[in-house]
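Engineer:
In this note's numbering, the protein residues as written are -12 to 87.
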């Protein structure tokens, strides 16, 4: 919707594929309150839990091109192309535009 009125958009996402999130679900069987942002599962508005890889595939499927990306890693590091970004990045920031 942002690209309907603008030439580009800035989108940030939390990476639910981040290794700590995966381990928490594996070992505890649930996501943390921190991940849900608002509390218990029944109080949470509809939130889509996606990994960076899933999000990038979705953008491509709907004809949106990623112009730039930044990935936020532990220890306050920011990278353009981190190794294993789906596992190592906590959050991501994308500058996007319509393809074409």
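Note that CB positions come from ideal geometry on N, CA and C, so glycine has one too.
What span of residues does the alpha helix (DSSP H) with residue 72 cover, start to end?
Structural biologist: Element bounds for residue 72: 72 to 75.
Engineer: Ends of the beta strand (DSSP E) at residue 42?
Structural biologist: It is not in any beta strand (DSSP E) - residue 42 instead sits in the alpha helix (DSSP H) that spans 39 to 48.
Engineer: How is residue 17 classed by DSSP in three states: helix, strand or coil?
Structural biologist: Residue 17: coil per DSSP, three-state reduction.
Engineer: Just to confirm, are residue -1 and residue 64 a CB contact at a threshold of 8 Å?
Structural biologist: The answer is no: Cβ separation not under 8 Å.
Engineer: Could you name the residues that DSSP lists as bridge partners for residue 79?
Structural biologist: 0, 58.
Engineer: Using DSSP's beta-bridge definition, name the partner residues of residue 10.
Structural biologist: Paired residues: none, contrary to the question.
Engineer: Exposed or buried, residue 7, counting other C-beta atoms within 10 Å across all chains shown (16 or more means buried)?
Structural biologist: Flag for residue 7 reads exposed.
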